[in-house]
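Asks: Chains as they are written, first to last, in this note's numbering: chain B, 985 to 1220; chain P, 985 to 1220. For glycine and all other residues, C-beta sits at the position ideal for the given N, C-alpha and C. Bear in mind the structure is a predicted one, so any value in this text is a computation, not a measurement. First, the structure itself, so that you have it in front of you.
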DNA sequence: CACAACAGAGAGCACTGCTCTTGCGCGGGC
DNA sequence: GCCCGCGCAAGAGCAGTGCTCTCTGTTGTG
């Protein structure tokens, strides 16, 4: 492992990255096996043939390891959604919408504990570091982008907005997507939360002994969500 | 503790009930302070002036204590919703609907950790026993009742239902509310999940630095949910 | 009244996260 | 090319956890 010419980052730094990655990988395995509460530093260290105290050279605490896993999970989910969306980028807005929703659901079913980590109950002393924000926004930005394209092509109908909500809607729109009608942005935020409800209920077992054919159920529900945002297939 | 077949009213049995209640109360306090993960049998025992092993006379394991808390939480939530609904039992269906939703939100904000216990990420390795089912169904039954009344009075419009979902919708309706149109039952289940998405996002901080005026936002979102189920104010 | 059922105490096991100290070995500046 | 220092790992140890087992003393009950 010795490259005589100046190794980028140094051999020591590279080894550090490798060990860090190995720790995260093993931690992700334990996470998938038993959830966040079952994630034990000592067990991870054992699996890697280290002693537990050695782990603290790489992550100052268990929470920091969890934070790293959360960021990675956000990125993984965001990438899955973006990949799925890229394949239908030219389709009608409702189809793009439901495709992104389906990708979120699929990722969640494939990585239940990681999904729980980012969208479930905040774990112990629940402090959300601001560093996770960019990664956390990727799916949201995707959905906003769908609405924005629909808006530009005249495929967007503004949802109803009661008078009492206009101030809040204007504030929301200014923060998130100033080029979209406030009513649309408000509906988008609500739809986003509702999407999370649908995925969470399926994932956390509330649909057990109730809904059986879940994929079509979900597709229909998200299609109606697209309607509620005002996405249309034909030109206005 | 397996089966106290002694006649009711025994002094010993009553003492047992009192200690059990005291344990649950202290546990609920710890739960409110730090969440389920922070709930420690030993801490609870300390607070009650007992030794930890004595607790096991009342709850065979930590999970059993959690189960008791979950059942109580379901009941408390159900009762809050039912009380709120009783006050508007004669109003138009959409108003009854939003009232129940608002009561759920209010209860959740007042008891965040208990809400997390029942609708958040399931505690790992913990499988909810079927005994929690009746308590868990109270809010759902309330919402179904609203739809049923609307149906009887001709204040219910059937939501759209794609052909691919008819079989699943029929199965759902047969299981849950055979007297309602399958499309309505399907929409109800979806709306139920979406309601918990809205509550969960607010509760778990996903609306932080986004939505500020949350009460009107929530009211509007649940009013649109009522529309999506087909609830109408006027007679058809 | 006698006795069994029962509540509680205490020690102990196998874990956990985390800290502190110690010593080894390799990378990198000289 | 040498050799120092830093990065790294190891180990012991602390305080805490859930849970089990044994041993008392009390207490309600047949």
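Does DSSP put residue 1145 of chain P in a helix, a strand or coil?
Replies: In this structure, residue 1145 of chain P counts as coil in the three-state DSSP scheme.
Asks: Please list the terminal residues of the continuous alpha helix (DSSP H) segment that includes residue 1014 of chain B.
Replies: From DSSP, the alpha helix (DSSP H) with residue 1014 of chain B extends over 995-1018.
Asks: Among P:1185, P:1134, P:1200, P:1007, which residue has its Cα nearest to the Cα of residue 1169 of chain P?
Replies: The residue with the shortest Cα to Cα distance from residue 1169 of chain P is P:1134.
Asks: What is the DSSP secondary structure of residue 1164 of chain B, counted as helix, strand or coil?
Replies: Reduced to three states, the DSSP call for residue 1164 of chain B is coil.
Asks: Looking at residue 1097 of chain B and residue 1149 of chain B, is the spacing between their C-beta atoms short of 8 Å?
Replies: In this structure, residue 1097 of chain B does not lie closer than 8 Å to residue 1149 of chain B by Cβ.
Asks: Please compile the residues from chain B whose C-beta is within a distance smaller than 7 Å of the C-beta of residue 1139 of chain P.
Replies: Chain B residues near residue 1139 of chain P: none, gap ~19 Å exceeds 7 Å.
Asks: Roughly how many angstroms separate the alpha carbons of residue 1109 of chain B and residue 1153 of chain P, rounded to a whole number?
Replies: Unreliable placement is indicated for residue 1109 of chain B, whose pLDDT of 47 sits below 50; the coordinate value is still reported in the next sentence. About 41 Å.
Asks: Is there a Cβ of chain B sitting closer than 8 Å to that of residue 1156 of chain P, yes or no?
Replies: Chain B, which has a Cβ nearer than 8 Å to the Cβ of residue 1156 of chain P, makes this yes.
Asks: Among P:1155, P:1174, P:1203, whose alpha-carbon lies nearest the alpha-carbon of residue 1090 of chain P?
Replies: Out of P:1155, P:1174, P:1203, P:1203 has the C-alpha closest to the C-alpha of residue 1090 of chain P.
Asks: Do residue 1182 of chain P and residue 1174 of chain B have their beta-carbon atoms positioned less than 8 Å apart in this structure?
Replies: Cβ atoms of residue 1174 of chain B and residue 1182 of chain P: closer than 8 Å.
Asks: What are the boundary residues of the alpha helix (DSSP H) that residue 1082 of chain P is part of?
Replies: Per DSSP, residue 1082 of chain P belongs to the alpha helix (DSSP H) from 1077-1094.
Asks: Would you verify that the beta carbon of residue 1108 of chain B is, or is not, closer than 8 Å to some beta carbon of chain P?
Replies: In this predicted model, residue 1108 of chain B has a pLDDT of only 43, less than 50, meaning its place in the structure is not dependable enough to derive any value.
Asks: Could you tell me the distance, in whole angstroms, from the CA atom of residue 1038 of chain P to the CA atom of residue 1100 of chain P?
Replies: Roughly 28 Å separates the two Cα atoms.
Asks: Could you work out which residue in P:1022, P:1056, P:1132, P:1184 is closest to residue 1085 of chain P when comparing CA atoms only?
Replies: Among P:1022, P:1056, P:1132, P:1184, the Cα nearest to that of residue 1085 of chain P is on P:1184.
Asks: Reducing DSSP to helix, strand and coil, say where residue 1032 of chain B ends up.
Replies: It is coil, neither helix nor strand.
Asks: Who are the Cβ neighbours of residue 995 of chain B in its own chain at under 6 Å, not counting the five residues just before and after it?
Replies: Excluding sequence neighbours, residue 995 of chain B sits near nothing in its chain.
Asks: Nearest-angstrom Cα distance between residue 1199 of chain P and residue 1211 of chain B?
Replies: Going from the Cα of residue 1199 of chain P to the Cα of residue 1211 of chain B covers about 23 Å.
Asks: Starting from residue 1137 of chain B, follow the alpha helix (DSSP H) in both directions and report where the run begins and ends.
Replies: No alpha helix (DSSP H) contains residue 1137 of chain B, which DSSP labels as neither H nor E.
Asks: Excluding the five sequence neighbours on either side, which residues of its own chain have a C-beta within less than 8 Å of the C-beta of residue 1008 of chain B, listed in chain order?
Replies: So the qualifying residues of the chain are 1049, 1052, 1053, 1056.
Asks: Could one say the Cβ of residue 1214 of chain P lies closer than 8 Å to chain B's Cβ atoms, at least one of them?
Replies: Chain B contact via Cβ: absent.
Asks: Please look up how many angstroms separate the CB atoms of residue 1178 of chain P and residue 1209 of chain P, rounded, as I've assumed it's under 8 Å.
Replies: Rounded, the Cβ-Cβ distance is 6 Å, consistent with contact.
Asks: Would the beta-carbon of residue 1213 of chain P fall within 8 Å of that of residue 1172 of chain P?
Replies: Yes, Cβ-Cβ distance for residue 1213 of chain P and residue 1172 of chain P is below 8 Å.
Asks: Along the alpha helix (DSSP H) that carries residue 1062 of chain B, what are the first and last residues, could you check?
Replies: Run containing residue 1062 of chain B: 1046-1070, per the alpha helix (DSSP H) assignment.
Asks: If you drop the 5 nearest sequence neighbours on each side, which residues of the same chain put their C-beta closer than 6 Å to that of residue 1033 of chain B?
Replies: Once the five neighbours on either side are set aside, residue 1033 of chain B has no close Cβ partner at all.
Asks: Going by DSSP in three states, residue 1214 of chain P sits in which element: helix, strand or coil?
Replies: Note: residue 1214 of chain P maps to coil in three-state DSSP.
Asks: My output table needs one value for residue 1150 of chain B: the three-state DSSP class, helix, strand or coil.
Replies: Here residue 1150 of chain B sits in helix by DSSP.
Asks: Do residue 1167 of chain P and residue 1145 of chain P have their C-beta atoms closer together than 8 Å?
Replies: Their beta carbons are under 8 Å apart, which means residue 1167 of chain P touches residue 1145 of chain P by this criterion.
Asks: So, is the C-beta of residue 1161 of chain P closer than 8 Å to a C-beta in chain B?
Replies: Cβ-Cβ to chain B under 8 Å: no for residue 1161 of chain P.
Asks: Which first and last residues belong to the alpha helix (DSSP H) in which residue 1118 of chain B is found?
Replies: Taken as a continuous stretch (DSSP letters only), the alpha helix (DSSP H) holding residue 1118 of chain B covers 1117-1120.
Asks: So which residues on chain B does residue 1188 of chain P lean against when the C-beta distance must stay under 9 Å?
Replies: Neighbours of residue 1188 of chain P on chain B, chain order: 1103, 1104, 1105, 1106, 1110.
Asks: I want to verify the contact list: residues of chain P whose CB lies under 9 Å from the CB of residue 1179 of chain B, in sequence order.
Replies: Going along chain P in sequence order, the residues near residue 1179 of chain B (Cβ under 9 Å) are 1178, 1181.
Asks: Take residue 1132 of chain B and list the residues in its own chain whose beta-carbon comes closer than 8 Å to its own, dropping the five residues that flank it on each side.
Replies: The answer, listed in chain order, is 1161, 1163, 1164.
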